[in-house]
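Heads up: take any position in the sequence shown, counting from 1, add 2, and you land on this note's numbering.
Positions of the beta carbon are idealized from the N, C-alpha and C atoms, including for glycine.
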Amino acid sequence: MGQLTDHSGRFTIDLPPGRYEVRSSYVGYQTGVVDEVQITAGQTARVSFDLTVEPIEMNKIVVSASRKEERVLDAPASVQVVEQVEIEERTVLTPADHLQGRAGVDVQRAGVSQGTVVIRGFNNIFSGATLTLVDNRIARVPSLRYNALNLIPTANEDIEQIEVVSGPGSALYGPNSANGVMHIRTRSPFDSEGSSVSIGGGEQDVFLVSGRHAGSSNEKIGWKVSAQYYQATDFEVTDATELAALAQFETANPGASTRIARRDFDVDKVAAEGRLDMHVTDDALVAVSGGWNRINTIELTGLGAAQAKDWNYGYGQVKLNWQDFFLQGYVNASNSGDTYLLRTGADLVDRSKFYAVQGQHQSNVGGRTHLVYGVDGLFTRPDTDGTINGRNEDDDNINEIGGYVHSETKLSDQWDFVGALRLDDHNKIEDPVLSPRAALVYGPATGHKLRATYNRAYSTPSTNNLFLDLVVGDFSSSGLPQQIRAKGVPDAGFRFQRDAMGGVDGLYMLSPFTSAPKGGPTQFLPAFAPALWEEAIGIVIAGGGDPALAGIPTPTSAQVGTSLMKINQERTSASDPLFLAATGAEVVDIEPIQETINNTYEVGYKGLIGRHLVAAVDVYHSRIKNFVGPLRIETPNVFFDPVSLNTYLNGFLAPADAATLTGTMASIPLGTVSPENETDPGDLILTYRNFGDVNLTGVDTAIQILLDENWSALFSYSFVSEDFFENIEGELDLALNAPANKGGATVRYQTDTGKASAAVRYRWVDAFPVESGVYLGDVDAYHLVDLNAAYDLTFTTTASLVVQNLFDHKHREFVGTPELGRLAMIRVTQSF
């Protein structure tokens, strides 16, 4: 129960007899607590409080750690907050820029407005590892599960704060929050009435304009609208694979037009957003919101870069807060416009939608336990017009239903126990997934918390993992009909029969050279090269060989052997071999794709030391099981063994002629070792599989210092024990795609009146290896200095300056991205 004081601070609460704890709180002061207050029937107990001033900017209110309001120092998790004052004084083209230099957070820019944000590593070029929310709405691209932060329509002026929760979050948020949560919270129209218009520009031909208006009527109805537009010229980069594909196309099709390698470095975005809040009763608030934006840019994917042309993204959301209930429903919709892949010129169509319905309630039980519980329904509806999901287009819907309960129990004045349990069902995963959470929190004194936590979180297979069906390459330059097809793993997985008489290890192959036409009846043959002797000789003759070669009899397996070789995915130049030798033992069945499980044990400390310093240290150990590996070739090709073939041909031809013919015939991929459910004769399968355990230990540290009323500083350092895992299960290398070491320091100044402010930020990122889709290589270490400053020209006019990479240090933040230089922008904001 509770009560408000009068203007003199007096209060009265009528309570039945019993023993109580009484708390008093006020903004800007530490909460006062009086325990063991005894209420006797017919008598009055008097309680007095003397509250201590608290620097509230160092202990903000957050909601993301426990899905309820609490202060940062009280949250049973590692939480960082980017405050509104920091957001307002920085001109950015994407919210990711606000998180640079934060502990445990990897911000990797891929251009003026592109980039990814991941927490505690395991990044990818097309990453959705971090659960990204805007006002409780999952904000990623629907079916692609990509956090395209430049597709979020929220204007910078409308962001109230950004909360980052490090570590697994599935117990509260469900699937795909195994690394952490980034939650962007926007401003209430009731608390931010007024209008503002901003205009700015800068290097890379940046021009931007934005505006916001909020108002209310009778404290019952509030509204806000915002809009933004920017354009720029991106940092330029070329892709050698794109240029090679372009040259190949132009040679084969003289004078024809193509979109291969046709990069457009002009970037622009237009966005609009609105919200209507209605107090339907004193304790019930309904909020209806929607947003839309359109971008033109270049985005990197696991299959190479995509030229995004008129890519649209929008959402609609309805929320109800009534007493202790929270209900919401929303839809995210994507339309890729005229987007295409730059390595092939092929269309990339995405008209997918994502629907969510969520309900939550919270209550107090027995005076010492606070419960938060709820249910979620998430429904992904891909629509790629066959360009991504191909033949799976009619069977690619994903339904996820989950429920959770989260409790916080006060064991004593100093000890709290936090427990949570969540159960989720995924229609493409055989068994439900359980996500428990437990934490023991010790508060030795006010403003200090020690905690030990365990979290089990999971990530579900993406739509690409399950439904991808896309041709990504071929051998047309060699005059051969085989294609390379990227495929998701079907419900039954991929299984290879091993009972073929004469086939290497009993394996079967499919070949485009058999009598069955492509798309016709599937004709499996033993994986035995001499079985296609006549076809191979026919290819040689068709290429200008002597017709008399047709008279050479078909050899037996004892005379000519068979070699299995896989395509070399790490080929970086024409001098590298296209195929690498493999043995039949490397043909391994692929089980249906399962969820990836992250078990994390963590100890942490958060404390307000004196009134001027907040320190946070988190040490964690994660064991990640059953993670999904990158796309890789799983089906070797069948070739003649060159040694035995040359020996055999020497019995019919002169040695020089035999050697020449051997070189030609032994380079023909006659067939492909194919799984029993394959239907494309000779196509190579590029697909995914789950792999075993990976163990990782890390440390995140952050220190925030309020030096005085004008000066503050923030320092961070993060370390992980491994940035590359070699030879997992004897088959795969895995990169963290993030640095093992990184750190940052920010010093900020603000005048007494708040009329002027400035900040200098230093960021250091250690070198790290990258293996992400088609992007392989290393990122060099880099050191950057950023600067921002703001000054109130008048009471209603503010000018701000932001310089990213002040000293123009040319660097790359991921393989495949352009070299980034300095980006300076200035903005003027007029408020009304």
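Own chain, CB closer than 8 Å to residue i, minus 5 neighbours either side, in chain order
i   : result
G4  : I15
A47 : V39, Q40, I41
Residue i classed as buried or exposed, judged by whether at least 16 other C-beta atoms fall within 10 angstroms
i    : result
K520 : Because the pLDDT of K520 is 44, which lies under 50, any placement of that residue in the model is unreliable, and the number read from its coordinates should be weighed accordingly. Label assigned to K520: exposed.
R25  : exposed
M827 : buried
P256 : exposed
L17  : exposed
A529 : buried
E678 : exposed
R487 : buried
M511 : buried
D754 : exposed
Y315 : buried
M280 : exposed
E159 : buried
G103 : buried
P820 : buried
Q45  : exposed
R765 : buried
W417 : exposed
Cutoff 6 Å; reference residue i; Cβ partners in own chain excluding five residues on either side
i    : result
F328 : Q362
T465 : S145, P384
G823 : D810, K812
A783 : D768, A769
D378 : G176, Q360, G404
E815 : Q110, R111
A791 : A760, L803
Y456 : A440, Y603
R763 : G103, T748, D788
H372 : N366, E410
V607 : It should be noted that the sequence gives Tyr, not Val, for residue 607. Correct list, in chain order: L452, V619.
Same chain, Cβ closer than 7 Å to residue i, five either side skipped, listed in chain order
i    : result
P57  : Confidence is the limiting factor: at P57 the pLDDT is only 49, short of 50, which leaves the residue's position unreliable, though a coordinate-based value still follows. Here the set comprises R613, L708.
M667 : A538, V542, F642, L647
E728 : D735
S461 : P177, N178, A180, E597, T598
R265 : I300, Q309, L344
A141 : T134, L135, I154
A502 : G508, L509, Y510, P528, A529
D578 : N570
Beta-bridge partners of residue i, as assigned by DSSP
i    : result
K412 : D418
W294 : A274, G316
N617 : Checking the sequence shown, residue 617 turns out to be Ala, not Asn. The partner list for A617 (beta bridge, DSSP) reads G609, I705.
G475 : I486
V208 : G204
D2   : Missing from the structure shown is residue 2; the chain here goes from 3 to 834 and no further.
Q116 : Beta-bridge pairing links Q116 to no other residue.
A263 : A263 is not bridged to any residue.
K222 : Answer is none; K222 lacks a bridge partner.
S172 : Answer is none; S172 lacks a bridge partner.
A229 : G213, A274
L834 : The sequence given here places Phe at residue 834; Leu does not occur at that position. None; F834 has no bridge partner.
A792 : S759, S802
S624 : T602, L698
Beta-carbon separation (whole angstroms), residue i vs residue j, contact threshold 8 Å
i    : j    : result
S80  : L133 : Contact doesn't hold; Cβ gap of about 15 Å is too wide.
T798 : F834 : 7 Å
T118 : N149 : 7 Å
W74  : Q163 : Going by the sequence as given, residue 74 is Val instead of Trp. The pair is not a contact, with the Cβ atoms about 11 Å apart (cut-off 8 Å).
Any non-hydrogen atom of the ligand ATP closer than 8 Å to residue i Cβ
i    : result
D398 : With respect to small molecules bound, the structure shown includes none, and the ligand ATP cannot be examined in it.
CB contact check: residue i to chain C, cutoff 9 Å
i    : result
D768 : Reference to chain C is not applicable here, since this structure consists of a single protein chain.
Counting beta carbon pairs with one atom in the region 782–791 and one in the region 802–812, are three or more of them shorter than 8 Å? The region 802–812 vs the region 782–791: in contact.
Given 8 Å, three or more beta-carbon pairs between the region 488–500 and the region 593–609: Contact annotation: the region 488–500 touches the region 593–609, with at least three C-beta pairs closer than 8 Å.
For the region 502–518 and the region 665–677, state whether three or more C-beta atom pairs, one from each stretch, are separated by less than 8 Å. Three or more Cβ pairs closer than 8 Å define a contact, and the region 502–518 meets that threshold against the region 665–677.
Does the count of Cβ pairs from the region 302–313 and the region 271–283 closer than 8 Å reach three? No, they do not touch.
Three or more C-beta pairs closer than 8 Å, one from the region 162–180 and one from the region 61–73: is that the case here? Touching, yes, given that three or more Cβ pairs across the two stretches are closer than 8 Å.
If we count Cβ pairs, one from each stretch, closer than 8 Å, do we get three or more for the region 441–452 versus the region 406–426? Of all C-beta pairs linking the region 441–452 to the region 406–426, three or more are shorter than 8 Å, placing the two stretches in contact.
Are there three or more Cβ pairs, one per stretch, closer than 8 Å when the region 394–402 is compared with the region 417–436? As far as the Cβ criterion goes, the region 394–402 touches the region 417–436, which means the pair count is three or higher.
Is it the case that the region 739–757 contacts the region 711–720, given that we only count it when at least three CB pairs across the two stretches are under 8 Å? Judged by Cβ distances under 8 Å, the region 711–720 makes contact with the region 739–757, as three or more pairs qualify.
May I ask you to verify whether the region 222–236 touches the region 182–195, counting CB pairs closer than 8 Å and requiring at least 3? By the C-beta criterion, the region 222–236 is judged to be in contact with the region 182–195, since at least 3 inter-stretch pairs fall below 8 Å.
Inter-stretch contact at 8 Å, needing at least 3 Cβ pairs: the region 280–298 / the region 243–251: For the pair of segments examined, the region 280–298 was found not to touch the region 243–251: the number of CB pairs separated by less than 8 Å stays below three.
Taking one C-beta from the region 616–632 and one from the region 196–214 each time, how about it: are there three or more such pairs within less than 8 Å? Taking a cut-off of 8 Å on C-beta distances, the region 616–632 does not touch the region 196–214, as fewer than three cross pairs fall below it.
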